[in-house]
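Read the structure below first, then the notes.
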């Protein structure tokens with residue numbers, strides 16, 4: 038059975054690009070486009086991996102990650118964080134709230150694939 | 012013989028001429044021209060509405076019946092102008108500093124802004140003035156009928172009635188047209204004042220012309236005339252001392268208290284200095300008016316048949332001698348006296364009725380707060396217009412009902428006694444700090460009742476209102492309650508009797524009740540301000556403004572004063588407080604200033620009530636009480652110096668706090684700036700990189716997929732370019748390196764261009780414009796201006812969250828600037844964000860509607876280069892931007 042990945046990102050073109058790459062690699066990709074009710078989506082999907090953008094409308098990716106880590110059932114889910122700001126401050130922040138990997142946009146498709154594969158043991 | 016038709020024609024031409032003069036004066040004042048409109052001579056001439064048709068025609072009749080007694084009517088005002096000049100100046104000063112709109116407003120404002128008092132004064136004024144208006148209508152119809160008689164047309168009562176009706180309607184129309192242009196009753200009605208000043212000249216000229224004709228044309232010289240006077244019964248009349256003194260006092264009191272006199276003397280006053288000129292010029296005018304009264308009366312008695320009405324000698328003498336031209340001139344004089352009185356009286360009374368009766372009722376009926384209820388401005392104007400029509404109609408009705416008989420002729424003095432009842436409260440309010448509201452009401456009620464009982468009701472004839480028995484034997488058969496011999500004061504002239512008792516009792520009750528009762532704090536404050544107006548014009552009376560929302564106040568003020576006036580007031584206050592933007596803090600000072608401005612439109616009591624609805628009630632602070640209790644000059648001076656210092660410190664602190672806040676915000680933003688640019692550049696790059704890799708590495712993409720992905724790459728590349736363009740544009744603008752291209756063009760065309768470029772010509776988004784008002788020429792960089800408009804319009808399209816979005820675009824000229832407002836019907840921008848939206852990358856919230864948050868920052872820079880501004884306009888129920896552009900940018904640059 039395919040592994041499930043939940044992509045939380047608000048830029049439609051980036052959603053489309055990542056969905057395309059991961060689907061071709063055999064992942065079951067679900068997407069969600071805002072921060073307000075991202076936690077509901079996280080609970081509903083019960084994904085094996087979450088890709089989370091930092092700057093989301095309504096709620097920051099850091100806050101969502103904190104909630105994930107605080108939630109008993111979800112706290113072990115691996116999370117890959119994406120950011121377009123690319124400052125060291127963001128990287129430290131991501132590490133502190135518990136991101137497993139951190140990538141700066143723009144990324145190469147191969148790097149993304151490598152990252153998600155390594156994060157979910159198949 | 013002068014035909015009636017000629018007379019009607021002359022009348023019509025004269026009226027059209029008056030309209031033209033009033034219109035021209037209004038126009039001149041509107042365009043800031045016509046300094047002569049504000050000259051002391053015009054002011055003095057406008058005071059002459061004191062001389063109504065009753066004095067124009069009636070003075071001669073008065074003289075023919077009772078000799079020199081008519082002089083008292085002129086003597087009273089002369090004494091007031093010369094001897095009480097200081098009092099008048101005080102009244103004018105108070106009127107200006109408190110923005111008083113009428114005598115009712117003055118009295119109510121002095122006694123703690125009490126509306127009940129205002130209502131009482133208004134009602135009494137209406138009762139006292141209505142017969143007087145009827146009297147003017149009667150004089151016009153009578154003089155018409157004189158011409159009709161000589162014209163051999165049977166001027167039956169029906170045609171008299173219709174004359175009166177047409178005259179009344181014409182006057183109402185004139186008054187509504189020129190008297191209710193502005194809502195702010197405190198502003199001068201230049202057109203009306205000019206017209207009545209002109210009428211003052213006409214009536215003086217007419218009377219002098221008739222006088223000259225009588226003395227040199229009929230009698231044959233001064234000596235002969237004097238001989239004739241000696242021979243006539245006039246020289247034998249003896250005026251009793253009591254009547255002489257009583258009438259002089261009465262006319263002096265009426266001169267101060269008549270609502271129409273208050274209107275021209277205080278409300279329409281432009282400059283306190285004008286009183287100085289009027290103090291000699293007005294008595295001179297009165298002298299000239301009275302100069303030929305006795306000769307005309309004497310010659311009339313001799314030459315005209317014994318049954319001729321002496322009230323009309325001024326008219327019948329020239330007619331009898333076949334001088335039609337002179338008769339028509341004289342008729343115009345009388346006509347002028349009548350019309351000017353009715354016009355000013357109607358304006359004065361309508362202001363009182365609408366401010367103190369209609370508006371409070373309407374506000375109470377609408378039952379909501381002043382902020383959310385409908386357009387107060389139009390309601391107030393409508394109320395004023397209806398009141399004018401109503402008052403003139405009431406006068407007409409009185410004329411109809413009373414039948415225009417001799418009873419009406421006597422009503423002049425009776426009205427005087429009625430309004431003279433204001434005198435104790437008025438003078439007490441100006442000079443005696445101890446006077447209070449309860450005392451004023453008690454005095455007024457007692458005075459008005461005595462007047463009604465002893466003079467007004469009996470004047471209708473023995474049996475109309477008071478039964479014969481009451482007049483002869485007193486109320487309840489008590490002989491000391493006989494209306495014309497109260498407390499056994501028999502043998503007095505009825506007028507003198509009524510003046511004496513009503514004013515004596517009024518003053519006594521006012522004084523005693525004031526002493527016995529306790530004033531409210533606000534009365535003490537107002538009292539201190541009125542009595543000591545020359546020491547501190549405009550201090551004390553404080554609001555606790557902490558809770559007030561400036562924006563709510565602005566919304567309310569816009570309804571009453573009009574949007575641009577209210578905004579200018581608020582912006583001025585904000586500047587004064589050292590705050591950037593358009594909303595001042597609701598400091599006690601500002602609230603007090605606002606209240607005063609509003610009271611110019613709706614009266615003190617209503618303005619006070621409206622502000623307290625929003626602010627939640629005025630408090631009397633310790634400082635205020637100290638100001639009231641300022642018995643020594645030292646304390647005053649010390650505290651005021653302290654106050655000035657505290658205020659200055661508060662202002663500096665506020666400025667510092669604001670500067671600090673802004674710096675902090677800027678530094679946060681500067682930090683955010685790099686990461687923002689990074690974000691804005693990296694996001695499109697991510698898509699470009701990802702899709703170009705997909706297209707490079709993926710085998711077997713369909714043609715559709717290929718097309719789609721390459722167009723995404725293309726779109727994102729365009730987005731990047733646009734962002735870089737914006738950044739470069741902004742940096743060029745910020746460093747003032749931009750090359751501008753001055754062109755001359757039409758605002759409407761620039762807007763057309765911007766609207767089509769912003770792509771809002773789509774269904775579902777409505778742009779509401781008034782093209783006729785956009786036809787304004789300007790010289791500027793029109794492409795840059797269009798860029799600003801495009802930005803603002805497309806922001807409205809993107810962010811307006813109304814279900815039926817509408818963008819209103821309103822343009823107007825203001826001084827050397829064009830002002831274009833863009834107002835949408837969305838939820839607007841929260842107050843705390845309004846200062847930030849013009850900063851770079853400051854999108855409100857994280858709504859990614861495609862922009863990088865540079866648009867408004869660029870707009871601000873562009874407008875600065877064009878010597879204009881773009882600001883957020885608070886309080887418009889939606890997002891609103893105001894763009895101000897100089898009409899000629901080169902002239903504006905030169906001025907900088």
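Chains as they are written, first to last, in the working numbering: chain A, 38 to 159; chain B, 12 to 907.
Just so you know, even glycine gets a beta-carbon here, dropped at the ideal spot from N, CA and C.
Small disclaimer: the values here were computed from a predicted structure and weren't measured.
In the DSSP annotation of this structure, the continuous segment of the beta strand (DSSP E) that includes residue 141(A) starts and ends at 138-141. Within 8 Å of the CB of residue 115(A), no CB atom of chain B is found; the nearest one sits about 21 Å away. In summary, residue 73(A) is exposed, with fewer than 16 beta-carbon neighbours lying within 10 Å of its beta-carbon over all protein chains present. Annotation: residue 78(A) to residue 117(A) spans about 16 Å, alpha carbon to alpha carbon.
For the stretch 680-696 of chain B, the set of positions with a beta-carbon nearer than 9 Å to some beta-carbon of chain A reads 685, 686, 687, 689, 690, 691, 692, 693, 694, 695, 696 in chain order. Bounds of any alpha helix (DSSP H) do not take in residue 748(B), whose DSSP letter is neither H nor E. Using a Cβ distance threshold of 8 Å, residue 512(B) and residue 461(B) count as a contacting pair. The C-beta distance from residue 225(B) to residue 347(B) rounds to 20 Å, too long to fall under 8 Å, and the pair is not in contact. The beta carbons of residue 148(A) and residue 140(A) sit about 7 Å from each other, so the pair counts as a contact at 8 Å.
With respect to the C-alpha of residue 289(B), the residue from 53(B), 187(B), 331(B) having the closest C-alpha is 53(B). Of the residues 753(B), 807(B), 789(B), the one whose Cα lies closest to the Cα of residue 766(B) is 807(B). Between the stretch 695-714 of chain B and the stretch 660-674 of chain B there are fewer than three C-beta pairs closer than 8 Å, too few to call the two in contact. Within the stretch 198-279 of chain B, the runs of alpha helix (DSSP H) that reach at least 4 residues and sit entirely inside it are, in chain order, 201-223, 233-242, 252-268, 270-273.
For residue 121(A), the nearest CB of chain B lies under 8 Å from its own CB, placing it at the interface with that chain. Within chain A, the residues placing a beta-carbon under 7 Å from that of residue 723(B) are 50, ordered along the chain. For the stretch 725-744 of chain B, the beta-carbon criterion of a distance under 7 Å to any beta-carbon of chain A is satisfied by 727. Pairwise C-beta distances place the stretch 395-406 of chain B in contact with the stretch 139-157 of chain B, as three or more of them are shorter than 8 Å. Inter-residue distance for residue 124(A) and residue 794(B) is about 39 Å (C-alpha atoms, whole angstroms).
The residue from 561(B), 104(B), 778(B), 831(B) with its alpha-carbon nearest to that of residue 622(B) is 561(B). Three or more Cβ pairs closer than 8 Å define a contact, and the stretch 844-852 of chain B falls short of that threshold against the stretch 782-799 of chain B. From the beta-carbon of residue 838(B), no residue of chain A is found nearer than 9 Å; the closest lies around 17 Å away. Here residue 723(B) has 698, 702 as same chain residues with Cβ atoms under 7 Å from its own Cβ, once five neighbours each way along the sequence are excluded. Secondary structure of residue 788(B) (DSSP, three-state): strand. Interface criterion met: the Cβ of residue 145(A) is under 8 Å from a Cβ in chain B. According to the DSSP secondary-structure assignment, residue 84(B) is paired through a beta bridge with no residue. Annotation for residue 820(B): the continuous beta strand (DSSP E) segment containing it runs 817-825. When rounded, the separation of the alpha-carbon atoms in residue 718(B) and residue 52(A) is 18 Å. When the beta-carbon positions are compared, residue 542(B) and residue 444(B) come within less than 8 Å of each other. Interface annotation, residue 58(A): in contact with chain B, CB-CB separation under 8 Å. Nearest to residue 92(B) by C-alpha distance, out of 452(B), 579(B), 728(B), 272(B), is 272(B). Around residue 72(B), the same chain offers 321, 322 as residues with beta carbons nearer than 6 Å, after the five sequence neighbours per side are excluded.
Using a 10 angstroms sphere on the CB of residue 39(A), the tally of other CB atoms stays under 16, which defines it as exposed. Shown in chain order are the members of the stretch 73-101 of chain A whose Cβ falls below 8 Å from a Cβ of chain B: 92, 93, 94, 95. In this structure, residue 133(B) lies near residue 364(B), with their beta-carbon atoms less than 8 Å apart.
Considering only 565(B), 593(B), 594(B), the residue with the shortest C-alpha distance to residue 608(B) is 565(B). Taking 8 Å as the cut-off, the beta carbon of residue 827(B) is found no closer than this to the beta carbon of residue 890(B).
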